[in-house]
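Comments concern the structure below.
Number of protein chains: 2
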Amino acid sequence: MREATTISEYIASTAAAVEDALQSALPAGWDVPVKLREAMMYSLNAGGKRLRPMLVLAAAEAVRGERDAADAAMPIACAIEMVHTYSLVHDDLPAMDDDDFRRGKPTNHKVYGEALAILAGDALLTHAFYCIAQAAKNGRISAGTALAVTEDLARLAGAPGMVGGQAADILGEQGVTSLSELEYIHLHKTSDLIAFSLQAGGRAGGATDAQLEALARFGSNLGLAFQIQDDILDLVGDEAKLGKKTNSDVERLKVTYPYLIGLEASRAEVGRLTGDAKKALLSARLAKPERLLQIADYLMGRDH
Amino acid sequence: MREATTISEYIASTAAAVEDALQSALPAGWDVPVKLREAMMYSLNAGGKRLRPMLVLAAAEAVRGERDAADAAMPIACAIEMVHTYSLVHDDLPAMDDDDFRRGKPTNHKVYGEALAILAGDALLTHAFYCIAQAAKNGRISAGTALAVTEDLARLAGAPGMVGGQAADILGEQGVTSLSELEYIHLHKTSDLIAFSLQAGGRAGGATDAQLEALARFGSNLGLAFQIQDDILDLVGDEAKLGKKTNSDVERLKVTYPYLIGLEASRAEVGRLTGDAKKALLSARLAKPERLLQIADYLMGRDH
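Protein chains in written order, with full-length UniProt numbering: chain A, 1 to 304; chain B, 1 to 304.
Dropping the structure here:
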């Protein structure tokens, strides 16, 4: 990756590097049914902010203070993007959120059909673990790091993490009433993978236990702020910039932060959580924390 | 596990030990939505032959020649049963095979709804990788074994393995015509996880590379024989013993071995493949191959 100066340049160059790495993440020599490979790559290549892989790479670099750390962490960055992508493909299914468009493009099942969309999601999730194990085999990360990252991912993407948050969200459609219930959903559906990304990047960069703990707190707060900002943008955002319809939460009678505590209080909460995140990060005494701090500010101010 | 003498006793006592271990595989202390946990355990506890975990345990014991080897391999045995179970939950979905019953019980989505069935499957797949990583953390298997097993599982259960076979099966419903196409489906949909089980058990037992290769060949042949036997039983089996309707392949116009080469030739093929499997196994010079040989004979003669 080329050295970037501004945060916008950093985001763009990191996203490009991740997208480049994703192209060869599924070995070309593997005998995979053409349509399945296509369906997997369709959603992997559907754009998005590439936030989670960027956090992996930025955390690795922040801990070690060297750009090489980001290269070592790239397989983990690809893995988390695969997990995030699979979760979107499954979330969009008719039996779940039933979405026809994502980021302005038809969703996976609209293009490939439900059966293949389910299987493409399954294959992406499975392949994430392959990428991590391979990174150890190729010597890019240590065996200990690969195992710790595998365990973290399986927990934070699994029943007590992301899938749990999604299940609570679906079960709660019959009536989420309290802020604590909504916080459970947001924390697990969104924050857990963001916290994972920061910790995993930290592990690849050789972080101490105290630094890993601080990165996880940074991630948890940042993730919750990110999700509340999403709720806000769904209410007041610009459809063209978002690449999806606004007011979808209202139409689905989804309980959100603005619904529960109001728009202004939600905005204040985003600010407070971002502040807490930055405080947690600064306590970690990382070699080069600046980029992560910039990302936090950028996310708070984003309009898409 | 108690020492078993006959193969029937061995199968029963192994299944009981696996079922016992599965009860605590998902940590009780984890904050998981109650319905999600229920949906996961419903399908994990829905019975079945527990063939794949049995092969893991039997392979570990065959390589090391000691019963203790099976105990070390138990987390891998649980992991493969979770992957197998998730694949059944997703296969049964309306968008896939649309089955209402499995092993005489309502399928997961009939009890918990489609959304939760998709998520329960996702969570089971994810948790399989947790079990393997944890086994290394707890010192039951080495870090090297855990990483190799993770990589094998992610490949053989993923796009070039089980999911690829399932995708080919679904795509082929528009017309599988050749034996080689059908063999691709069977090999990946069924054999890959069976070969994985034998190799993973072998790794846990400390097998040499040559032994791992022989176990994989044993597994591949055994898996293909197993699937052809399934095709045969769907045609001529006893519904009460099978716990599902026979002739479902015919009703769905599914192309099977009996359809392509006839019933008698299919039976002969099961015999030939089982023989090849046993020959491959004997070439590995395992410490105690007897149980694996008995399992091969048992599977060939089974009526359910």
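Ideal Cβ positions, reconstructed from N, Cα and C, are used throughout, including at glycine.
Residue 12 of chain B and residue 74 of chain B have their C-alpha atoms roughly 16 Å apart.
Residue 23 of chain A counts as exposed, since fewer than 16 other beta carbons sit within 10 angstroms of its beta carbon. Residues of the segment 113-141 of chain A with a C-beta less than 9 Å from any C-beta of chain B: 113, 114, 115, 116, 117, 118, 119, 120, 121, 122, 123, 124, 125, 126, 127, 128, 129, 130, 131, 132, 133, 134, 136 and 137, listed in chain order. Note: residue 101 of chain A is bridge-paired with A/106 in the DSSP secondary-structure output.
In this structure, the CA atom of residue 167 of chain B is about 16 Å from the CA atom of residue 154 of chain B.
Across the set B/202, B/271 and B/201, the C-alpha of B/271 shows the shortest separation from the C-alpha of residue 227 of chain B. Counting only the Cα atoms, residue 21 of chain B lies some 16 Å from residue 141 of chain B. When the beta-carbon positions are compared, residue 232 of chain B and residue 266 of chain B come within less than 8 Å of each other.
Per DSSP, reduced to three states, the secondary structure at residue 231 of chain B is helical. Exclusion of the five residues before and after residue 238 of chain A leaves 303 as the residues of its chain whose Cβ lies within less than 7 Å of its Cβ. In the three-state reduction of the DSSP assignment, residue 90 of chain A falls in the helix class, which pools H, G and I.
Sorting B/263, B/220 and B/301 by C-alpha distance to the C-alpha of residue 185 of chain B places B/220 at the top. For residue 35 of chain B, the nearest beta carbon of chain A is closer than 8 Å to its own beta carbon. Contact of residue 242 of chain A with chain B is not assigned, every C-beta pair being separated by 8 Å or more. Distances from the CA of residue 34 of chain B to each of B/173, B/112 and B/205 were compared; the closest alpha carbon is that of B/112. A Cβ-Cβ contact shorter than 8 Å links residue 43 of chain A with residue 85 of chain A.
For residue 278 of chain A, the three-state secondary structure derived from DSSP is helix. Relative to residue 194 of chain A, the option among A/77, A/249, A/129 and A/9 whose CA is nearest is A/77. Taking the beta carbon of residue 166 of chain A as reference, the chain B residues within 7 Å of it are 119, listed in sequence order. Beyond the five residues adjoining it in sequence on each side, residue 197 of chain B comes within less than 6 Å, by CB distance, of 52, 55, 56 and 80 in the same chain, given in chain order.
When only Cα atoms are considered, residue 152 of chain A and residue 257 of chain B end up about 43 Å apart.
Apart from the 5 residues on each side of it in sequence, residue 150 of chain B sits with its Cβ closer than 8 Å to the Cβ of 129, 132 and 133 in its chain, given in chain order. Between the C-alpha atoms of residue 64 of chain A and residue 294 of chain A there is a straight-line separation of about 18 Å. In this structure, DSSP gives residue 84 of chain A a helical state, which the three-state scheme calls helix. Taking the C-beta atoms as reference points, residue 83 of chain B is found nearer than 8 Å to residue 125 of chain B.
Just so you know, the alpha carbons of residue 160 of chain A and residue 259 of chain B end up roughly 45 Å apart. Residue environment: residue 137 of chain B is assigned as exposed (fewer than 16 neighbouring CB atoms within 10 Å of its CB, all protein chains considered).
Residue burial annotation: residue 45 of chain A is exposed, with fewer than 16 other C-beta atoms found within 10 angstroms of its C-beta. For the C-beta of residue 160 of chain B, the chain A residues within less than 7 Å are, from N- to C-terminus, 30, 31 and 32.
Note on geometry: alpha-carbon atoms of residue 37 of chain A and residue 105 of chain A lie some 18 Å from one another.
A check of alpha carbon separations from residue 171 of chain B across B/269, B/255 and B/299 identifies B/255 as the nearest.
When secondary structure is reduced to three states using DSSP, residue 5 of chain B falls in the coil class, being assigned neither helix nor strand. In this structure residue 291 of chain A is in contact with residue 62 of chain A, their Cβ atoms being roughly 6 Å apart against a cut-off of 8 Å. Residues of chain B with a Cβ closer than 7 Å to the Cβ of residue 171 of chain A are, in chain order, 33 and 35. Within 7 Å of the CB of residue 155 of chain B, the CB atoms of chain A belong to 130, in sequence order along the chain.
In terms of Cα proximity to residue 296 of chain B, the closest of B/268, B/264 and B/225 is B/225.
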